[in-house]
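A.B. asks: I have a structure I would like to understand better, so I am pasting it below and will then ask my questions one at a time.
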Amino acid sequence: MATTEKNILNRLYFIAGCLFIFAMAVAFKLMDIQFVDGEHYKELAEERTYRNFKIPANRGNLYDANGSLLATSVPKYDIRFDAVTVSDKNFEKNIGPLSEELSKYFGKSATYYSQKLRAARVNHQRYLLIAKNLGYSDYLKFKNFPMFQLGAYKGGLIVEQRTVREHPLGKMGERTVGYERKDEEGYFTRVGLEGAFGEYLRGTDGRRLKQKIAKGQWKPISDNNEVEPRDGYDVISTIDVNIQDIAHHALLKQLEYFEADHGTVVVMETATGEIKAMANLGRTSEGTYFEKRNYAVYEASEPGSTFKLMAMVAALEDNVVDTAQVLDTENGVVRFYGRAVRDSHHGGYGKISAARAFELSSNTAFTKLITQGYENNPARFVNTLYDMGLNQKIGLDINGEGQPRIPHPGDKNWSGLSLPWMAFGYGVSLTPLQTLSFYNAIANNGVMVKPRFIKEVKEWDKTIVKVEKEIMNPEVCSPETAKKVRQMMENVVRRGTAANIYTPNFSMAGKTGTCQTEYWIEPGRYISSFSGYFPADDPKYSCIVVIHKPKRSKGYYGNIVAAPVFKSIAQKIYTDTPIMDELPGLEIKNEKVEKDFQKYYSKVQNEKILMPDVTGMPAMDAISLLENLGFEVDMDGKGRVKKQSIAAGREIIQKEELKVKLILS
């Protein structure tokens, strides 16, 4: 019995000891939470109750070369109502007038909104949606509605702001304009101009403190932000929306007719390298076309006969050929290591000069020209191409430039076929923009300028960055060689493979290209191209057209598929900006004309104008308007015009000193 009692006591002591240890552990943890980790848990509790939310900055505007908008950020507002925070007195006093205003705006009865607001108050709703996607002017209306005008606490007004990127051109030039997106992990996807120049357009985000009022619902603490967002800079691009429109529709029309897979057009200003238009259209499963990918920048493919320009320039520079050298096309077929090279013209062209071979795009003549000139030293030919920069990327601002490929005799895949095949554009790869850059250099008398997409970066009327012309290669070839091949390219249009686009109204020069593609899959797939410049005698623009896989039954040669697009673009641009001879003025004075002009000028100088009302206008628009009227403008602040020093409607005499001060908000 004594033993049993002793065992029971031991168990009781053990249990009591465990309870004591547990109590000490609880006490220790409480002390740790209170004094050691107290601040951490307080911060955690506050974080779960209050949180700083990011306010995205307005991205800067993206403009074309003439000031037309390509992309702009538009603020959008959601209005919500906290039915709990409003006092009974303010609620009953303002619910009627507020319901009337909502009725006028939305068109439903005032009773409907009165019942909706009262139900929200009864149900203690703190996040009732009133309106979505409001523009700035509508947001201001709602902010001044009865009850809402009392603010966040007294009036229950909750305003949520976000920015939406809009593209006035719509789908036209979509891949060129591009976008910049950031995923949840913080990684950016950058496409086109928006992606390339995001560092300028992006701005700096602001912060706004909000309080958690329900699961997943947060209410701003006040009407003001903790950190105000800083808007991005404006970027002025080189794109001309008029030329972009011309290029887009000319390409689209041809793609639709030939039921092609995809195509691209680039128009560049010869002297400066400014890209005036870049259209990229791909076919959908329904047979429609949209800006699918930026083929001009990324897609490196075999250029076909447009590469004959590079081959001819190299041969002329190395003095292995003369334009008058006669080549035998041998009935249109020559063989290398058992493989046939054929001319598109059945039976060949007989014996023709090297210059004529270029005009007629004879494959047999060009393979003979290059192999005879370089068969003992093929590396010399390739090195000359390398010296012209054809094996290097341009280094574009836009992401995704394709890698050019010019094989070298030292490569493991070099064979006896490599040199003759390169002569007419097979076994090499270039992107459309890389090809155009070389053609533009020839039009520019041998000077290769880097293609560029922006002119400047601005903050209001202040220039932050000015982008100047960049010369990539001051001499891809001698001026003499450039002059010779320019004459050949002009003859291509006059009497060669592109004679079908010749017109006596204005001059063009260029080279057609036709090559097979995906021949390892099936025969009959082609790439049709044309690259050149206009006017031929004084080049102002260079242009390339590349169309992939047109329907063979309708046509696939470069002169039939691609060249008409080039002509359409050149003709429309030329019509808008014709090259005209300048004649010296005739210095003939007429006393009566002089007298009448002075009388008219004096009258104009003394006419009165009315001071316009610019309040509420963006500062840049107001400045432009006023300066055009002759005012000297002084600004105070940023944003929109809040106040003007000269009252609207006041008569102003032009000859007085015109000074106006604008107060901005």
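Take the sequence shown: its position 182, counting from 1, is numbered 182 in the UniProt record's numbering, and each next residue is one higher.
Note that the Cβ used here is the ideal one computed from N, Cα and C, for glycine as well.
Since we're looking at a predicted model, the values are computed, not measured.
Which same chain residues end up closer than 6 Å to A365 when comparing Cβ atoms and leaving out the 5 residues on each side of it in sequence?
C.D. replies: Closer than 6 Å at the Cβ level, and outside the excluded window around A365, lie L327, T329 and A357.
A.B. asks: Please go through the region 509-562 and give each complete beta strand (DSSP E) segment of 3 or more residues, from N-terminal end onward.
C.D. replies: Segments of the beta strand (DSSP E) lying fully in the region 509-562: 509-516, 526-534 and 541-548.
A.B. asks: What would DSSP say about E199, mapped onto helix, strand or coil?
C.D. replies: In the structure shown, E199 sits in a helix (DSSP, three-state: H, G or I).
A.B. asks: Which full runs of the alpha helix (DSSP H) of 4+ residues lie inside the region 411-481, going along the chain?
C.D. replies: List check, alpha helix (DSSP H) in window: 418-423 and 432-443.
A.B. asks: Under the DSSP definition of a beta bridge, which residues are partnered with Y127?
C.D. replies: Beta-bridge pairing links Y127 to no other residue.
A.B. asks: Since A71 is in the beta strand (DSSP E), which residue starts that stretch and which ends it?
C.D. replies: Segment L69 to F81, the beta strand (DSSP E) holding A71.
A.B. asks: Could you spell out where the alpha helix (DSSP H) holding A247 opens and where it closes?
C.D. replies: Unbroken alpha helix (DSSP H) run through A247: V241 to F258.
A.B. asks: Is the region 10-27 touching the region 193-203 in the sense that three or more CB pairs, one from each, lie closer than 8 Å?
C.D. replies: No contact exists between the region 193-203 and the region 10-27.
A.B. asks: Can you grab the Cα-Cα spacing for the pair D343 / T323, in whole Å?
C.D. replies: Those two C-alpha atoms are separated by around 20 Å.
A.B. asks: Please determine, among A120, F188 and I55, the residue with the shortest C-alpha to C-alpha distance to R230.
C.D. replies: Of the candidates A120, F188 and I55, the one whose C-alpha sits nearest the C-alpha of R230 is I55.
A.B. asks: Cβ of P432 within 7 Å of any heavy atom in the ligand HEM?
C.D. replies: As presented, the structure is devoid of all ligands, the ligand HEM included, so that no description of it is given.
A.B. asks: Between which two residues does the beta strand (DSSP E) holding S353 run?
C.D. replies: Taken as a continuous stretch (DSSP letters only), the beta strand (DSSP E) holding S353 covers K351 to S353.
A.B. asks: What does a CB cutoff of less than 7 Å around G585 pick up in its chain, not counting 5 residues either side in sequence?
C.D. replies: In this prediction, G585 has a pLDDT of 46, which is less than 50 and means its spatial position is unreliable; what the coordinates show is noted afterwards. The answer is none, since no qualifying residue turns up.
A.B. asks: Does the Cβ of T514 have 16 or more other Cβ atoms within 10 Å, making it buried, or fewer, making it exposed?
C.D. replies: That one is buried.
A.B. asks: Just to confirm the assignment, what range does the alpha helix (DSSP H) spanning G263 have?
C.D. replies: Per DSSP, G263 belongs to no alpha helix (DSSP H); it is in the beta strand (DSSP E), H262 to E269.
A.B. asks: Suppose contacts are defined by Cβ-Cβ distances below 8 Å. Is V476 in contact with F438 by that definition?
C.D. replies: Yes; because the gap between Cβ atoms is below 8 Å, this pair is in contact.
A.B. asks: Mind checking G287: buried by the 16 CB within 10 Å criterion, or exposed?
C.D. replies: Exposed, since its Cβ has fewer than 16 Cβ neighbours within 10 Å.
A.B. asks: Quick check: the Cα distance between R293 and G178, rounded to an integer number of angstroms?
C.D. replies: About 10 Å.
A.B. asks: Thinking C-beta only, is K308 closer than 8 Å to F424?
C.D. replies: Yes, they are a contact pair.
A.B. asks: Closest by CA to T72, which one among D261, L169, D78 and T272?
C.D. replies: Nearest of D261, L169, D78 and T272 to T72, Cα basis: L169.
A.B. asks: DSSP beta-bridge partners for E180?
C.D. replies: Looking at the DSSP assignment, E180 forms a beta bridge with R190.
A.B. asks: Roughly how far, in whole angstroms, is the beta-carbon of S568 from the beta-carbon of A536, given that I think they are within contact range, below 8 Å?
C.D. replies: Not really, about 17 Å apart at Cβ, beyond 8 Å.
A.B. asks: Which same chain residues end up closer than 7 Å to Y374 when comparing Cβ atoms and leaving out the 5 residues on each side of it in sequence?
C.D. replies: V320, R380, F381 and L419.
A.B. asks: Residues bridged to T204 by DSSP?
C.D. replies: According to DSSP, T204 bridges with R230.
A.B. asks: Touching or not, the region 154-174 and the region 59-77, by the rule of three or more beta carbon pairs under 8 Å?
C.D. replies: Yes: the two stretches touch, three or more of their Cβ pairs being nearer than 8 Å.
A.B. asks: Quick check: the Cα distance between L102 and I130, rounded to an integer number of angstroms?
C.D. replies: Near 9 Å, if we compare the C-alpha coordinates of I130 and L102.
A.B. asks: For D328, does the three-state DSSP call read helix, strand or coil?
C.D. replies: Strand.
A.B. asks: Name the two residues that bound the continuous beta strand (DSSP E) containing Q644.
C.D. replies: First-last of the beta strand (DSSP E) with Q644: V641 to Q644.
A.B. asks: Going by other Cβ atoms of all chains shown within 10 Å of its Cβ, with 16 needed for buried, is H248 buried or exposed?
C.D. replies: Buried: at least 16 other Cβ atoms inside 10 Å.
A.B. asks: Determine, using beta carbons only, whether residue 719 and L433 come nearer to each other than 8 Å.
C.D. replies: One cannot answer for residue 719 here, as it falls past the ends of the chain, which runs 1 to 665.
A.B. asks: If you run the structure through DSSP and keep just helix, strand and coil, what is residue 666?
C.D. replies: Lying outside 1 to 665, the shown extent of the chain, residue 666 is not represented and no answer is given.
A.B. asks: Cutting at 8 Å between CB atoms, please list the residues of its own chain near G155, excluding the five before and the five after it.
C.D. replies: Cβ neighbours of G155 beyond the five flanking positions: V86, N90, N94, M147, F148 and Q149.
A.B. asks: Would you say S542 and L436 are within 8 Å of each other, going by their C-beta atoms?
C.D. replies: The answer is yes: Cβ separation under 8 Å.
A.B. asks: Mapping DSSP to helix, strand and coil, what is V334?
C.D. replies: Three-state DSSP puts V334 in a strand.
A.B. asks: Kindly list the residues whose CB is nearer than 6 Å to the CB of T264, restricted to its own chain and excluding five residues on each side of it in sequence; keep chain order.
C.D. replies: Excluding residues within five positions, the ones whose Cβ falls inside 6 Å are N280, Y295, A296, P432 and V546.
A.B. asks: Measure the C-alpha to C-alpha separation of R339 and V333 and round it to an integer number of angstroms.
C.D. replies: Whole-angstrom Cα-Cα distance: 10 Å.
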